[in-house]
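I have placed the structure first, in the form of structure tokens, so that the comments after it can refer back to it.
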Amino acid sequence: MLTERSGDLKRLARVAALVATVICAGSACSIVPTGGTPELVREVNRGDPLLQPFTRLIPTPPRDDWSAEQVVAGFQAAMASNDDENRAVARQYLTPEAARVWRPENGVSVVAEADFETPPISEEAREARIHATTAKRGTIDDDGRYRAAKGASDWAVTLVRAGNTWRIAALPDGLLLTEADVRRAYRPVNLYFLDQMGKGLVVDQVRLPVTPTGDFVKSVIQRLLQGPSGSLKGAVISDLPEGVRVNSVTTEGDIVVVDLSAEVQGDDPLFAQLQWTLHDLAKDWTIELRVNGERVGMRIRPNQSANFDQLMNPGAGIDAFYLHNGALTMLGSDNSSTPVSGPAGQETLRPGHKGPTYTEPALSIDPEPMVAAKSSAGGIWVTSSAESGRWQQWITGADLTAPSWDRYSALWAVERVGKTTSHVIRHDGGRPRRVAAPGLLNTKVKFFQVARDGVRVAAVVEDAGGVHVRLGAIVGRGSDMRVDHLQTLTDAVKDEGEEVLHIAWKDSTTLLVLLKTKAGKRLDAYSVGDGSREPLKSDERLRTIAALGDRMLAGTEKKGEILKFDSARSEWTTVIKEGAAYPIFPLG
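Residue numbers (our numbering): 963 to 1550.
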């Protein structure tokens, strides 16, 4: 048994509450004695995936002789209890009318600490207003989606006094939880849905509450059945039909038994959704689906769906490429260089060459890899990698972003029309057409990249607020297709001389952003799931960036170098010394 003290427990001592903390894993429970500063105790489970450890914080009701500040602190502690799902104890801190109208299910505000600012309250005062004075860290919406946030918390409550008893009369909907509360009471989960073609997996990262009354695996499957979060609504599909419920989740030997309320079609997409979603909880377990307790012959063996979507684990088998004197060249694992076959592999910067030159290339994947690039002749041109291939113009326009392929060989780019208008263009091999993107229309789009899952997009945009990175999703199919659910990922770059130099998808849930700042070059990895930022090792030579999983390449400002990131030495090393530019990975 491990014991850990949490900083947020100090607030419980301040409200003079006797809190019993109970920890259960399966049928094992232990009670921590009350009194003094409560201690959180965690049992670590190493076997049955249903016996996930959790920490119970039992809420205490208010006392009539508490001060206004003690009532607010006690209420916040009660909100943080995962032992009171309906927040019945928390409502005891409210007036009857406030308890009736308060909606705790309307999202979560996450703050650094639960510190409150209380103005002087006279003995005759019948009303008081108390503010949270801590820094805001994020929000969790009713879909379970976490988004990082900055600034001060604006959470405030109004209390009224009847006799000597204070109660909260007005407060915001939702919950106010500390970061420590969220770590204890919520768990991050990757839900897996299917792209619009039903052939690829798309990750939807959410946080689910852990409750003592139900097992977590069942909660995860129930959440999967509810469908994607708002950031992916209409952009993904599920092989699990609407209306199906989870009756129970149990274990029998080395089998996790999922009993559903209705029959489902036991095909590869369904199995892939379930196995990938339960990967972190039941990696080495067989999953058996039953219907109302009846065996229906559906079992998912461990790792059965590991290769359902090859792009989930691209590995080292996908090569890197770059332009060398204008020719698309493959970069071998031993840093060898081999021009690709066909027109794209022919040097266009050699002396005497009179044809168009090509820059900012993009490469599709099998079954027939295609090369796209911006041409000095105007527009975006495409050629196959076959010897008999030839360049063809797919997208016209005087001012276009670099091309970007999706996983189904459709080409994307943005045409900049004037200073504040941008049109998203898609070409699927037939003809180009505009795709509605209301959130990008009245901006200047500097970069536009489709993620390898074929659903998410990233764009660097300039508007009245400055330059920033936005994330969105490709929603719908055919004539109903649009780029939607746009949200801002980064702080706006406003200072003159600072700029976003480049972006690249590391994987479908991580976007790399290369910036030029007054302090020098900065390379950040942003999580699509929660918007959090992780600084990476940068280098003043970096100008463009390319990534695939743990592999990173960069083009330089000068000298025409290609750099590779050496993770063992944590530094950028030169692999091509001159004449090179625009390193890329397929679909990157």
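Beta carbons are placed, not taken as given, at the ideal position from N, Cα and C, and that holds for glycine.
- The C-alpha of His1389 lies about 13 Å from the C-alpha of Arg1439.
- In this structure, Ile1538 sits away from Tyr1320, with a CB-CB distance that is not shorter than 9 Å.
- Spatial neighbours of Thr1382 in its own chain (CB-CB distance under 8 Å, excluding positions within 5 residues in sequence) are listed in chain order as Asn1404, Thr1405, Lys1406, Asp1425.
- For Thr1239, there is no enclosing beta strand (DSSP E); the residue is part of the alpha helix (DSSP H) that begins and ends at 1230-1239.
- DSSP links Glu1079 through a beta bridge to His1093.
- Spanning the alpha carbons of Asn1265 and Leu1236 requires a straight line of approximately 11 Å.
- Of the other Cβ atoms in all chains shown, fewer than 16 fall within 10 Å of the Cβ of Thr1479; this residue is therefore exposed.
- Under DSSP, Ser1299 forms a beta bridge with Leu1293.
- Counting only runs of 3+ residues, the beta strand (DSSP E) found wholly inside the stretch 1294-1354 occupies 1299-1301, 1320-1325, 1332-1337, 1342-1346, in chain order.
- Contact between the stretch 1468-1479 and the stretch 1226-1244 is absent: fewer than 3 CB-CB pairs across the two stretches fall below 8 Å.
- Beta-carbon to beta-carbon, Leu1170 and Val1151 are separated by about 5 Å, close enough to satisfy the 8 Å threshold.
- Secondary structure of Gln1272 (DSSP, three-state): helix.
- Ala1118 sits away from Ile1102, with the two beta carbons spaced by 9 Å or more.
- By the CB criterion at 9 Å, Val1445 and Gly1196 fall outside the cutoff.
- Annotated as proximal: Thr1291 and Ala1542, with beta-carbon spacing under 9 Å.
- As a beta-bridge residue in DSSP terms, Leu1138 pairs with Ser1071.
- Cβ neighbours of Ser1346 within its own chain (closer than 7 Å, five residues either side excluded): Gly1304, Glu1330, Met1332.
- Closest by C-alpha distance to Val1253, out of Arg1352, Asp1077, Arg1207, is Arg1207.
- Within the same chain, Cβ atoms closer than 7 Å to the Cβ of Lys1456 are found at Gly1428, the five residues on either side in sequence being excluded.
- Distances from the CA of Asp1104 to each of Thr1120, Arg1065, Ala1142 were compared; the closest alpha carbon is that of Arg1065.
- Looking at Pro1276, Val1034, Leu1121, the one whose alpha-carbon comes closest to that of Ala1131 is Leu1121.
- Distance between Glu1461 and Leu1402, taken at the CA atoms: about 19 Å.
- Taken atom to atom, the span from the alpha-carbon of Leu1187 to that of Gly1136 is near 24 Å.
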